[in-house]
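Enquirer:
Numbering (this note's numbering), first residue to last: 164 to 302.
1) How many whole angstroms separate the CB atoms of residue 223 and residue 237, which I take to be in contact at a CB cut-off of 8 Å?
2) CB-CB under 8 Å to residue 232, same chain, minus the five flanking residues each way: which ones, in chain order?
3) With 16 other CB atoms within 10 Å as the buried threshold, where does residue 252 fall?
4) As an exercise, report each continuous beta strand (DSSP E) stretch of at least 3 residues that is fully enclosed by the region 222-290, in chain order.
5) So what's residue 303 in DSSP terms, helix, strand or just coil?
6) For residue 299, does the three-state DSSP call read helix, strand or coil?
7) Contact check, residue 205 vs residue 226 under 8 Å by CB: the rounded distance?
8) How long is the line joining the alpha carbons of residue 191 and residue 211, rounded to whole angstroms?
9) For residue 185, report the span of its alpha helix (DSSP H) as first-last.
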């Protein structure tokens with residue numbers, strides 16, 4: 164492509180861009196503010212609809228479960244459900260184990276875990292013996 168053809172092609176392209184910008188400015192600029200307003204209303208309406216339609220998380224999930232009879236710590240609640248024999252149940256994960264199902268009537272939920280009242284003895288290493296090891300006979 165020679166220099167003259169390149170200059171003519173660039174000039175025609177620039178004129179077409181300027182003409183399209185002028186047409187948009189002349190005829191569609193009065194409607195541009197309405198289009199932007201409509202776009203903002205659609206975004207706000209869809210955001211509100213999605214916010215209202217998302218199912219809410221059960222507030223009991225993540226709370227600590229205790230037996231109502233003995234007060235024994237069971238674990239952290241992971242969900243709830245319906246059982247044929249037990250009725251409404253909590254799905255509780257004990258520390259370091261798989262989830263277990265407990266009837267809701269037997270479980271008390273608390274926000275914070277209560278620490279055991281009685282102190283547990285800390286494991287100590289056995290003291291090394293002071294007696295010397297028996298010598299092996301030389302053969």
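Even glycine gets a Cβ: it sits at the ideal position worked out from N, Cα and C.
Expert: In short:
1) With a Cβ gap of about 13 Å, residue 223 and residue 237 do not count as contacting.
2) 269
3) Residue 252 should be labelled buried.
4) 227-230, 236-246, 250-256, 263-266, 270-273
5) As shown, the chain starts at 164 and ends at 302. That puts residue 303 outside it, with no answer to give.
6) coil
7) Residue 205 to residue 226, Cβ: 39 Å. No contact.
8) 30 Å
9) 166-186
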